[in-house]
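Heads up, the thing below is written out as structure tokens.
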Amino acid sequence: MSPARATRPRKRLWRDVSERALDRCGRTLGRAVRSAFVPLAVILACSHFASSATGAEERPNFVVIFADDLGYGDLGVYGSERIRTPHLDKMAAEGMRFTDFYAAAPFCSPSRAAILTGRYPVRAGVPYVLFPTESTGLPQAEITVAELLSEAGYATAAIGKWHLGWPKPFRAHRHGFDFFFGLPYSNDMLKWEPVEIRRAQHAFWELPLMEDDTVVEAPVNQHTLTKRYTERAVSFIRENRDRPFFLYFPHTFPHNPQYASEEFEGRSPHGLYSDTVEEVDWSVGVLLDTLGELGLDEQTLVVFTSDNGPTRGGTRWGKRSSGGTAGGLRGRKGNTYEGGMRVPAIFRWQGKIGAGTLARDATSILDLMPTFAELSGEEMPRDRVIDGRSIADLLLGKAELAEAPFFYYFGVQLQAVRVGRWKLHIRRTELPPHSASLWYLQNDDLFTRHHRLQPEPELYDLDADRGETQNAAADHPDVVERLDTLARQFDHDLQRDKRPQVFLDSP
Ligand code: MG
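When the sequence shown is numbered by the numbering used here, its final residue is 507 and no position is left out of the sequence of numbers.
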């Protein structure tokens with residue numbers, strides 16, 4: 001555990017903590033507490049006692065490994081014949097693999113807001129990619145899964161790429177993580193050269209490796225990132241082997257520009273993209289081996305997934321990179337076709353999740369926080385809309401999952417909805433309000449391209465046509481109408497419930 005753990009600035013979930021404590025201590029004591037203003041310590045002690053009574057030893061650890069821009073078709077167990085991923089393939093053989101699992105955005109920052117809050121990114125106040133010179137990030141008013149678990153007594157760590165705001169109030173250790181080690185944003189947000197006006201969304205400083213607010217190295221040697229992340233993750237697991245822990249491990253790669261360590265770079269005949277994925281796979285193996293060595297396999301739910309679909313290869317920022325594959329899905333990172341948002345997902349919890357099981361349910365990263373809350377015996381925040389749902393019963397083989405809609409947002413714009421086998425790209429005849437994102441302030445044409453209009457709806461039967469090649473709208477007008485009505489009502493409600501982006505006066 002970080003020695004500075006006790007002194008971390010932490011947003012207190014006062015209302016949630018006190019409510020939980022009062023529930024657990026009973027209404028009589030609750031009234032006494034309210035009337036007598038018993039010190040916070042008493043309330044927390046009750047909460048702690050109640051947590052202990054539920055059996056702290058029964059609460060699982062959670063490890064979330066979050067690849068960056070990994071395509072649906074880029075793991076062996078998802079059909080890749082060019083990238084070798086023996087550890088992830090083995091993890092799938094020991095756990096549950098999802099065929100229809102989604103990121104909640106087709107690009108980085110919003111997807112990270114969603115995985116940590118259980119809320120669609122636009123609802124959580126992070127609709128677009130964040131750049132280091134911007135003064136916005138994940139609002140403090142959002143409650144993250146790290147805060148929830150930290151208040152419940154878990155040790156928490158974020159190791160890897162944060163990308164939910166560079167200014168200090170938005171950083172990981174102010175969102176419930178005991179410590180952060182990694183990159184504060186994407187590895188392509190390099191030092192800005194003044195002559196390159198169109199790259200002004202980059203930083204004025206070298207790309208830093210950070211430990212909380214301290215710069216460890218700048219510019220960071222990106223070849224070393226996956227190894228150094230892995231070493232810190234192993235240390236965190238070892239240090240917290242005797243207490244519940246939550247490790248959030250968002251890798252930097254295979255995001256462009258790609259770098260691997262000496263052992264991996266050039267190892268694959270298929271280029272740098274493959275090299276980085278194979279090193280991420282190695283890292284997964286190291287973590288799983290560590291859990292096994294410590295006897296934590298049956299106490300730890302490990303999740304592996306990706307923040308969005310694969311990017312294209314090419315030369316960017318003077319460096320040649322190779323791209324991934326969406327495994328036969330249409331589209332890729334940056335759009336709401338399946339290839340942009342459907343991602344690999346593997347859940348492993350030995351003795352709890354059936355080995356080699358397959359789930360075809362439409363599920364998403366929004367579901368992680370509610371699932372972890374249920375499995376740890378905690379309650380989700382009750383003062384806000386949570387878009388995800390617990391899939392604990394599905395994981396544990398207790399019950400099938402009821403069908404639920406999934407909404408595909410690009411920034412603030414709802415572009416598609418899925419219910420069961422049907423996916424509708426809704427008709428869009430007007431662009432949404434222009435965003436304050438630097439992305440668009442510097443690239444006006446990009447806003448129009450991203451928030452593309454859709455003159456006519458497109459309907460796809462994903463069971464029969466997961467590549468979204470045959471528009472079935474004309475043959476199923478009833479389905480089009482049903483999904484269109486559902487989508488517009490949902491978006492109407494969400495747009496009135498979304499948290500405004502928070503901008504600081506100065507970064
Ligand atoms: Mg990404």
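All C-beta atoms in this analysis are idealised placements derived from N, C-alpha and C, irrespective of residue type, glycine included. Bear in mind the structure is a predicted one, so any value in this text is a computation, not a measurement.
Member of the options whose CA lies at the smallest distance from the CA of residue i
i	options	result
residue 495	136, 133 and 121	121
residue 427	457, 433 and 449	457
residue 229	416, 164, 432 and 66	66
residue 513	64, 185 and 224	In the structure displayed, the chain extends from 1 to 507; residue 513 sits before or after that span and is not available.
residue 440	96, 94, 272 and 134	134
residue 72	347, 324 and 118	324
residue 204	280, 459 and 131	131
residue 263	331, 276 and 252	276
residue 386	367, 478 and 402	367
residue 94	432, 285, 401 and 483	285
residue 137	156, 149 and 171	171
residue 497	124, 81, 254 and 89	124
residue 59	202, 70, 300 and 118	300
residue 364	354, 330, 403 and 334	403
residue 389	486, 117 and 92	117
residue 361	462, 437, 329 and 376	462
residue 159	168, 393 and 173	173
residue 108	143, 309 and 140	309
residue 266	232, 312, 237 and 321	321
residue 421	460, 444, 455 and 80	460
residue 487	87, 100, 503 and 406	406
Residue i (DSSP reduced to helix, strand or coil)
i	result
residue 422	strand
residue 460	strand
residue 279	helix
residue 338	helix
residue 210	strand
residue 78	helix
residue 110	helix
residue 229	helix
residue 191	strand
residue 69	coil
residue 292	helix
residue 479	helix
residue 115	helix
residue 298	helix
residue 157	strand
residue 234	helix
residue 126	coil
residue 164	coil
residue 494	helix
residue 54	Bear in mind that the predicted position of residue 54 carries a pLDDT of just 41, short of 50, making it unreliable; the figure below should be weighed with that in mind. Correct three-state label for residue 54: coil.
residue 23	Unreliable placement is indicated for residue 23, whose pLDDT of 40 sits below 50; the coordinate value is still reported in the next sentence. In the structure shown, residue 23 sits in a helix (DSSP, three-state: H, G or I).
residue 371	helix
residue 359	strand
residue 488	helix
residue 447	helix
Whole-angstrom distance between residue j and residue i, CA atom to CA atom
i	j	result
residue 282	residue 85	8 Å
residue 499	residue 338	27 Å
residue 61	residue 246	6 Å
residue 342	residue 480	22 Å
residue 505	residue 127	20 Å
residue 434	residue 129	14 Å
residue 75	residue 235	27 Å
residue 268	residue 83	8 Å
residue 398	residue 257	43 Å
residue 305	residue 344	5 Å
residue 29	residue 358	Because the pLDDT at residue 29 is just 38, under 50, the model does not fix this residue reliably, and the point stays unresolved.
residue 450	residue 110	15 Å
residue 191	residue 184	14 Å
residue 548	residue 298	Residue 548 lies beyond the range of the chain shown here (1 to 507); nothing can be said about it.
residue 115	residue 477	34 Å
residue 45	residue 151	Residue confidence for residue 45 is low, a pLDDT of 40 falling below 50, so the modelled location carries little weight and cannot support an answer.
residue 254	residue 273	6 Å
residue 429	residue 164	31 Å
residue 395	residue 303	11 Å
residue 431	residue 207	34 Å
residue 226	residue 436	33 Å
residue 354	residue 157	28 Å
residue 280	residue 188	18 Å
residue 232	residue 259	19 Å
residue 334	residue 327	16 Å
Taking contact to mean at least 3 C-beta pairs separated by less than 8 Å, is the region 237–246 in contact with the region 216–223?
They do not touch, by the three-pair rule.
Any residues whose CB sits closer than 7 Å to a heavy atom of ligand 1? List them in chain order?
Every residue whose Cβ sits closer than 7 Å to any heavy atom of ligand 1 is listed here in chain order: 68, 69, 107, 108, 111, 255, 307, 308 and 333.
Is the region 409–419 touching the region 365–376 in the sense that three or more CB pairs, one from each, lie closer than 8 Å?
Touching, no, given that fewer than three Cβ pairs across the two stretches are closer than 8 Å.
Evaluate the contact criterion for the region 273–289 versus the region 103–117: three or more CB pairs, one atom per stretch, below 8 Å.
Contact fails: fewer than three Cβ-Cβ distances are below 8 Å.
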